[in-house]
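**Student:**
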Amino acid sequence: MKLQDTLTRSQKEIRPIDGQTYRFYCCGPTVYGAAHIGNFRTFVLQDVFRRALETGGNRTLHVRNLTDVDDKTIRDSQAAGQTLKAFTDKWRDKFHADCKALACLPPHIEPSAVEHIPQQIAMIATLIAKGHAYSSDDGSVYFKISSFPNYGKLSHLDERELDLGKTQNARANSDEYEKDSISDFVLWKARREDDGENFWESPWGQGRPGWHLECSAMIAEYLGDSFDMHSGGVDLVFPHHENEIAQSECACGGHFAAHWFHITHLLVDGGKMSKSLGNMYTLSDLEAKGFTPMEVRYVLIGAHYRKPLNFTLESLSGAKEALNKLAKASNKLAENMGTETALPSADFGVFQPAWDSLNDDLNTPGALGGIFTGLREATKFTGKEAAAALAGLNRILKALGITLPDISKDNTDVPTDIQQLAEARWAARSNKDWATSDKLRDELAEKGWAMKDGKDSYELTKS
RNA sequence: GGCGGAGUCGCCAAGUGGUAAGGCAAUGGUUUGCAAAACCGUCAUUCGUGGGUUCGAUUCCCACCUCCGCCUCCA
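Taking the numbering used here, the leading residue of the first sequence gets 4, the next gets one more, and so forth.
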């Protein structure tokens with residue numbers, strides 16, 4: 004698979020270092036609230052990346068962390084009057100439920116920061132021993148940026164630019180901790196009054212780990228000093244991933260991630276998403292509006308991951324129809340293949356262009372287009388050909404993580420009163436009593452049921 | 001101020017130095033008592049604006065406009 008690499012700013016074929024398993028790390032959520040669709044754009048695209056590899060017959064090792072200790076989790080758990088663990092567990096469970104609803108495969112390993120404090124302390128000790136970090140008087144530990152010449156290679160920021168950024172922002176929060184250089188970042192935060200009971204013992208006193216370090220330590224634990232790919236939202240490029248590179252390369256040697264995959268932020272109605280604008284949707288918000296998680300997923304993969312995706316409610320409605328169209332086509336293929344069976348096959352057939360798009364820098368919208376184009380041809384097939392097409396369709400849909408809505412007619416239970424109304428209308432219609440017939444149809448519509456007339460029978464569907 | 005990304009039909013969105021995929025919506029027809037559904041069609045001489053290079057640009061170059069991200073703990 005060809006994939007853009009943030010570090011070299013070029014497309015590279017991604018291959019496993021060990022020649023067998025694609026081992027990659029994705030920065031997971033900070034569990035202090037429900038993730039929003041912007042967060043999910045990242046997680047869904049990472050999921051497609053993994054699915055595409057697996058569909059291609061490859062093995063993967065997917066590691067994604069949970070950030071369950073940081074300023075926000077501590078602050079909000081205290082505000083909620085809960086222990087940090089109770090609070091983060093609750094949001095972790097919500098995150099898992101949302102991921103499942105969005106058809107994201109659970110990572111093979113999902114380490115939590117709190118459960119890896121010893122590994123983090125060990126890494127800090129190594130960094131100090133090697134001269135890349137120092138502790139300050141208050142018991143915090145900082146990474147010494149000047150000790151790592153490659154600092155800035157991922158975000159392409161040189162020292163002058165970093166300095167400029169600082170002066171510009173002039174840090175309202177500049178000094179809670181003491182450090183040698185303002186660019187140095189914290190590895191271990193000394194315990195503060197407002198941390199409450201959330202602190203751990205360390206050689207430098209009580210405190211808690213810095214955010215960047217959590218990931219480096221967990222990566223070292225599960226993926227070692229070198230692995231195939233590291234991913235996250237674009238905003239993590241600097242400083243988070245830049246700092247991870249510094250920590251990990253200095254502590255472990257190795258070349259850390261061979262490939263950097265960053266997903267661009269989405270826009271909502273052409274502008275940025277923000278709480279104050281009321282356009283920060285969570286999955287639950289959208290479900291409350293009557294959309295299904297699969298429709299949300301469809302929209303999220305509807306744009307290339309390196310381009311801004313403009314999320315609108317209108318595109319969500321479009322997704323609903325597009326999924327229905329796919330489901331109909333799928334049923335049509337099943338019907339046309341007769342007694343044949345859609346055996347799994349390595350051949351994509353008419354969907355080969357869709358598969359090629361997916362493998363060309365994860366071009367998901369190109370793949371979706373390829374599916375519809377292929378379907379135009381495939382729905383004319385019969386017997387073996389139709390069976391082969393259905394197998395190909397199932398395979399490409401699986402790679403995209405799309406499951407089709409069940410549009411079979413007899414899957415809904417019709418309440419008795421609705422059934423009676425429908426019978427009454429059918430009788431009126433049979434007697435050519437159009438007035439009564441239309442009136443009853445409206446009545447059914449008000450109750451949320453659509454009555455569609457066939458030649459000799461009718462069909463009731465929930466609207 | 002620095003670095004980076006984006007502007008393609010009403011909406012979402014691919015793509016390419018050789019004349020614009022796909023989905024939604026819309027719309028015509030068949031069908032229907034009328035609808036719905038289904039099926040068959042139609043739907044960008046044009047790719048933010050202005051220049052330039054070229055036989056030819058939406059695709060390359062320059063300028064400008066607009067939007068977005070990052071510049072120390074935000075996916």
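Every residue, glycine too, gets a C-beta built ideally from N, C-alpha and C.
1) Report, in whole angstroms, the separation of the C-beta atoms of Ile399 and Phe354, which I expect to be a contact under 8 Å.
2) For Leu87, does the three-state DSSP call read helix, strand or coil?
3) One question on the structure: do Gly210 and Phe188 come within less than 8 Å of each other, judged by their Cβ atoms?
4) Give me the residue from Arg194, Ser150, Leu105 with the minimum Cα distance to Asp140.
5) In chain order, which alpha helix (DSSP H) runs of at least 4 residues are fully inside the region 211-280?
6) Specify the secondary structure class of His111 as computed by DSSP and reduced to three states.
7) Since Ser115 contacts Asp71 with CB under 8 Å, what's their CB separation in whole angstroms?
8) Is the separation between the beta-carbon of Leu443 and that of Ala453 shorter than 8 Å?
9) State the start and end residues of the unbroken alpha helix (DSSP H) segment that holds Met297.
10) Pull up the DSSP beta-bridge partners for Tyr137, would you.
11) Taking DSSP's pairing of strands, which residues face Val189 in a bridge?
12) Pull up the CB-CB distance for Leu365 and Phe52, whole angstroms please, since I reckon it's below 8 Å.
13) In or out: His159 buried (at least 16 other Cβ within 10 Å) or exposed?
14) Find the nearest neighbour of Tyr35 within the set Ala249, Trp94, Ala345, Leu289, judged by alpha-carbon distance.
15) Can you tell me which of Gly134, Leu312, Gln23, Asp272 puts its alpha carbon nearest to the alpha carbon of Pro368?
16) Do you know offhand how far Leu463's Cα is from Leu105's?
17) Which residue wins for smallest C-alpha separation from Leu216, given the options Pro347, Lys455, His119?
18) Grab the span of the alpha helix (DSSP H) containing Glu290 for me, first residue to last.
19) So, are the CB atoms of Met221 and Ala261 less than 8 Å apart?
20) Hey, Ile20 and Leu6: beta-carbon distance below 8 Å or not?
21) Could you check if Ser80 is buried or exposed, using at least 16 other CB atoms within 10 Å of its CB as the buried criterion?
22) Are Ala506 and Phe384 closer than 8 Å when you measure CB to CB?
23) If Leu319 sits next to Val302, beta carbons under 8 Å apart, how far is it from one beta carbon to the other, in whole angstroms?
24) Just to confirm the assignment, what range does the alpha helix (DSSP H) spanning Ser13 have?
25) Kindly indicate which three-state DSSP category Val66 falls into: helix, strand or coil?
26) Expressed to the nearest angstrom, what Euclidean distance is found between the alpha-carbon atoms of Lys401 and Phe151?
27) Please confirm whether Ser234 and Phe43 have their CB atoms less than 8 Å apart.
28) Report yes if the C-beta distance between His258 and Ser229 is below 8 Å; otherwise report no.
29) Using 8 Å as the threshold, is the C-beta distance between Asn37 and Ser277 below it?
30) On the CB-based measure, 16 or more other CB atoms within 10 Å of its CB, does Glu200 come out buried or exposed?
31) Compare the Cα-Cα distances from Leu447 to each of Ile127, Lys88, Glu426 and report the closest residue.
32) Name the DSSP bridge partner or partners of Ala453?
33) Look at the Cβ atom of Lys335, then the Cβ atom of Thr382, and state whether they are nearer than 8 Å.
34) For His111 versus His65, is the C-beta spacing smaller than 8 Å?
35) Runs of 3 residues minimum, wholly inside the region 311-372: which ones carry the beta strand (DSSP E) assignment?
36) Given a cut-off of 8 Å on the beta-carbon distance, is the pair Ala337 and Leu378 in contact?
**Tutor:** In short:
1) The pair is a contact, with the Cβ atoms about 5 Å apart (cut-off 8 Å).
2) Helix, per DSSP.
3) no
4) Comparing alpha-carbon positions, the option among Arg194, Ser150, Leu105 lying closest to Asp140 turns out to be Arg194.
5) 214-226, 245-255
6) It is coil, neither helix nor strand.
7) 5 Å
8) no
9) 296-303
10) Tyr137 is bridged to Tyr145.
11) Tyr145
12) 6 Å
13) His159 sits exposed, since fewer than 16 C-beta atoms from the chains shown fall within 10 Å of its C-beta.
14) With distances taken between Cα atoms, Tyr35 lies closest to Trp94.
15) Leu312
16) 28 Å
17) Ranking Pro347, Lys455, His119 by Cα distance to Leu216 puts His119 first.
18) 286-291
19) no
20) Contact: no.
21) buried
22) The shown model of the chain, from 4 to 466, leaves out residue 506, and the question about it has no answer.
23) 6 Å
24) Run containing Ser13: none in the alpha helix (DSSP H); it sits in the beta strand (DSSP E), 13-16.
25) strand
26) 43 Å
27) no
28) yes
29) Sequence inspection shows Ala at residue 37; the Asn mentioned does not correspond to that position. Cβ distance not < 8 Å, so Ala37 and Ser277 don't count as in contact.
30) Classification for Glu200: exposed.
31) Glu426
32) Thr464
33) yes
34) yes
35) 312-314
36) no
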